[in-house]
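Those letters in the sequence shown? Residues 105 to 639, by the working numbering. Read through the structure below, which is laid out as C-alpha cells, and then see the notes.
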Amino acid sequence: MVSPAAPQLTLRAELLARLAEPRVFDVAIIGGGATGLGVALDAAARGFSVVLVESHDFAKGTSSRSTKLVHGGVRYLAQGNISLVREALHERSTLLRNAPHLAQPLPFVMPSYAWWQTPFYGLGLKAYDLLAGRAGLGPTEFLSRSRTQACLPNLQPRGLQGGVKYWDGQFDDARLALALARTAASRGALLVNYCAATGLLHEAGKLVGLRCEDRESGQGYTLRAACVINATGVWVDELRQQDGEVLGRPVRPLVAPSQGVHIAVDRAFMPAEHALLVPHTADGRVLFAVPWLGKVILGTTDTPRADLAREPRPFSQEIEFILGESARYLYRAPTRADVKSVWVGLRPLVKPRAEEGEHTQGLSREHTVLVSRSGLVTVTGGKWTTYRAMAEDVLERCFKAGLLVRAAAGATTDLKLTGGAGSPDQVRPAISAAPGIHLYGDEAPSVQALPGAQRWLTEGLSEAMVRFAARCEYARTTEDVLARRSRLLFLDASLAAGLAEEVGRILAQETGGDPQTPAFRDLAQEYLHLPDQAA
Ligand SMILES: Cc1cc2nc3c(=O)[nH]c(=O)nc-3n(C[C@H](O)[C@H](O)[C@H](O)COP(=O)(O)OP(=O)(O)OC[C@H]3O[C@@H](n4cnc5c(N)ncnc54)[C@H](O)[C@@H]3O)c2cc1C
105 MVSPAAPQLT LRAELLARLA EPRVFDVAII GGGATGLGVA LDAAARGFSV
155 VLVESHDFAK GTSSRSTKLV HGGVRYLAQG NISLVREALH ERSTLLRNAP
205 HLAQPLPFVM PSYAWWQTPF YGLGLKAYDL LAGRAGLGPT EFLSRSRTQA
255 CLPNLQPRGL QGGVKYWDGQ FDDARLALAL ARTAASRGAL LVNYCAATGL
305 LHEAGKLVGL RCEDRESGQG YTLRAACVIN ATGVWVDELR QQDGEVLGRP
355 VRPLVAPSQG VHIAVDRAFM PAEHALLVPH TADGRVLFAV PWLGKVILGT
405 TDTPRADLAR EPRPFSQEIE FILGESARYL YRAPTRADVK SVWVGLRPLV
455 KPRAEEGEHT QGLSREHTVL VSRSGLVTVT GGKWTTYRAM AEDVLERCFK
505 AGLLVRAAAG ATTDLKLTGG AGSPDQVRPA ISAAPGIHLY GDEAPSVQAL
555 PGAQRWLTEG LSEAMVRFAA RCEYARTTED VLARRSRLLF LDASLAAGLA
605 EEVGRILAQE TGGDPQTPAF RDLAQEYLHL PDQAA
C-alpha cells in the first residue's frame, strides 16, 4: 500500500510573495493551458527555475473544452499524416501510464450502414493498430450486427450491417491540467492563476521578462527571465503583436481560430461503455458520442471564428448539426429539451499563410514553435494528447536559440503526475462512471481526511472536495470548483447552478475571498441556453 504524500497547500499570499521576489527566472511562461503547463513541468523537471502566469484559471481556455480523447487521431490517418498519428499514439500510452487516474483506454465502435464500410474502415483501423505497435490498447475487431448493437444499445437498427471496434483513450482535461500544474509546483515551479501578463519587457531589443497583474488585487509585478514563452493558445497573436511593435516589425497573425461545440445529454441516450464514432457525417465531418463521467457528450463542429471570446457561444446551425446527426445514428435521439449543457472551445489552428476565407478543417493540427528576433518563444497548435512532446520541442528550440543552456535531458517520459503514483486499484477507475473521489487517485485519502468528507453536496461532489480544491488545487471561485475541479458545469449546468450557493459558502470560508457566485450562476445559464433555430 502506497501511503499518500501530504498534498501541497497553495496559499495565494505565499505565491504572490514569491512573485514579488527580485530574481531572474530561467523560464517565464504566459498561459496556463495544456501547452504552457506542459512546458512548465518539462522545464521544472530538468531543474530550471520556472514561473507561469495564467490570466484566468488554469485550463479556463480551450484546455477544458476538448472532446476528452487521448488519441492518435484516426481522421489524421485518413489524411495521410502518418508522423502526426505515430507521435500521438506514442504520447497516448505515455499519458495513460503517467496519469492512470485521469486517463484510461476507451473502446470505440464505428457502425456500418453500407456493405463496404466495415472492410474500408476496418482496414484503416488495422493500420492504426500497426502504427501503435506495442503502444496499442487492444486489437481492432470486425463486429457482427448483433455485437454492434450489444456495444451500442440505442444505435439506429434500420440498415445496420455491423461495425468495427477499435481502441483509443479518454481523459479529464481540466483535471489533467491541474495535475500538471501541481506536479510542476512539486518540482519547484511557481504557478499563479488569475495573474495576467500585461506587457513584455525589452532591453536593447531583447526580451528580458514581462509585466503581470494579480487580477484579484490589481497589484502589478515585473518578472525577469532568460526565456519567455508565449503559450496563450488562440490568443498568442496579441503578445506577438506587442513584441513586433517594440521591434518595429509587423507581425503576420499565426492562428486561425476554429470553434468546436459539444453538448452533454443523459446516459440513457447511449447506455454504453463504448463510444460511437461516425467517420463521415452528411457533410463530411466526424461526430463522436462519448460516455463521460456519467453523461454522454456529443460533438463536435469546426467553424472558423475570428473573435476570441473567453466564453464563445454556439451558432444554431452547430446545435442543429449535432442533434441532427445524432438522430441519424441513435434510435431514441436527444432533442433540444434534453441538452444538459453546451460548451464551446476555440482550436488554435496554425495558418500556413494568412489567406482569407480558408476552411479550418484543412489547417494543420500540428504545433508550431516560433522564436522572434527579440527572443519571444511562441508555441501554439497541436492537441492535448501531444502536450508533453510539444513541451520537449519548445525546450529544444530554447536551447538551439541560445536562450537556455542545456542542463539535463527531458525527464517527463516516466514522470508520474500528482495523484497517479498509487497502486493500480487506487488509480484505475472508470472515467465513464459518475465523477467522484476516484479522480484523485492516490490523493483520495487526503481528500477524505478533510472536514465534510461524508457530506455529499451531490453525487460525486463532497464538501471535502471543495475544501481540497481551495487548499491544494488553486481554486478561487465557484466557477473554478464547479467547472474545472468538479466538471458539473459541463455535465449538467442546471445542477451546477443549484449547488453554486453552497460551494461558494464553503470556498469563502477557505479563501476569505469573494467566490463570485452570482457570476457563476449567470454563466451556468449560458451553458443551458441554445440559440434559436435558424428560420
Ligand atoms: C472542440 C475541441 C475539441 C478538442 N478535442 C481534443 C481531444 O479530444 N483530444 C486532444 O488531444 N485535443 C483536443 N483538442 C485540442 C486541445 O484542446 C488544444 O490543443 C489544447 O487545449 C490547447 O491548449 P493551449 O494551452 O495551447 O491553449 P489554452 O488552453 O487556450 O490555454 C491558453 C491560456 O492562455 C491564457 N492567456 C491568454 N492570454 C494571457 C495573458 N495575457 N496572460 C496570461 N495568460 C493568458 C488563457 O487564459 C488560457 O488559459 C480539442 C480542441 C477543441 C477546440
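No residue lacks a Cβ here, since even glycine has one placed at the ideal position from N, Cα and C.
Check                                                                                                                                                                          : Outcome
What are the partner residues of Ile333, as DSSP defines its beta bridges?                                                                                                     : Ile133 and Val481
Hey, how far is the Cα of Thr615 from the Cα of Ala231?                                                                                                                        : 52 Å
Exposed or buried, Ile367, counting other C-beta atoms within 10 Å across all chains shown (16 or more means buried)?                                                          : buried
Report whether the distance from the Cβ of Glu158 to the nearest heavy atom of ligand 1 is below 7 Å.                                                                          : yes
Give the straight-line distance between the Cα atoms of Leu234 and Tyr225, rounded to the nearest whole angstrom.                                                              : 14 Å
DSSP has Phe212 in a bridge; who is on the other side?                                                                                                                         : Tyr270 and Ala379
Leaving aside the five residues before and after Asp130 along the sequence, list all residues of the same chain whose C-beta is less than 8 Å from its C-beta, in chain order. : Ala147, Phe152, Ser153, Val154, Ala329, Ala330, Cys331 and Leu508
Distance check for Phe594 and Thr464, CA to CA, integer angstroms please.                                                                                                      : Here the model assigns Thr464 a pLDDT of 45, short of 50, so the residue's position is not dependable, and the following value carries that caveat. Rounded to the nearest angstrom, the two C-alpha atoms are 25 Å apart.
Quick one: using the 10 Å Cβ neighbour count with 16 as the cut-off for buried, is Val359 buried or exposed?                                                                   : buried
Under three-state DSSP, which class holds Ile610?                                                                                                                              : helix
For the structure I just gave you, are there three or more beta carbon pairs, one from the region 239-259 and one from the region 289-305, closer than 8 Å?                    : no
Just the C-alpha distance for Leu519 and Ala278, rounded to the nearest angstrom, thanks.                                                                                      : 19 Å
Kindly indicate which residue of Arg417, Ala379, Asn202 and Arg371 has the alpha-carbon position closest to the one of Lys399.                                                 : Arg371
For ligand 1, any of its heavy atoms closer than 7 Å to the Cβ of Ala329?                                                                                                      : no
Which of the three DSSP states is assigned to Ala360 in this structure?                                                                                                        : strand
Per DSSP, what kind of secondary structure is Glu462 in: helix, strand or coil?                                                                                                : Bear in mind that the predicted position of Glu462 carries a pLDDT of just 37, short of 50, making it too unreliable to give a figure here.
Ignore the nearest five residues each way along the sequence and tell me which others in Ala121's own chain have a CB closer than 8 Å to its CB.                               : none
Among all the DSSP beta bridges, which residues are the ones paired with Cys299?                                                                                               : Asp318
Just to check my reading of the structure: Val338 and Gly348 have Cβ atoms closer than 8 Å, yes? What is that Cβ distance to the nearest angstrom?                             : In fact, because the Cβ distance is near 18 Å, the residues do not count as touching under 8 Å.
Looking at ligand 1, does it come within less than 7 Å of Ile367, judged from the CB to the closest heavy atom?                                                                : no
Span of the beta strand (DSSP E) holding Ala393?                                                                                                                               : Leu391 to Trp396
Alpha carbon to alpha carbon, what distance is there between Leu284 and Leu145?                                                                                                : 7 Å
Given this structure, state the Cα-to-Cα distance separating Ala525 from Asn202, to the nearest angstrom.                                                                      : 8 Å
Just how far apart, CA to CA, sit Trp488 and Arg190?                                                                                                                           : 15 Å
How many Å lie between Tyr325 and Arg315 at the Cα?                                                                                                                            : 6 Å
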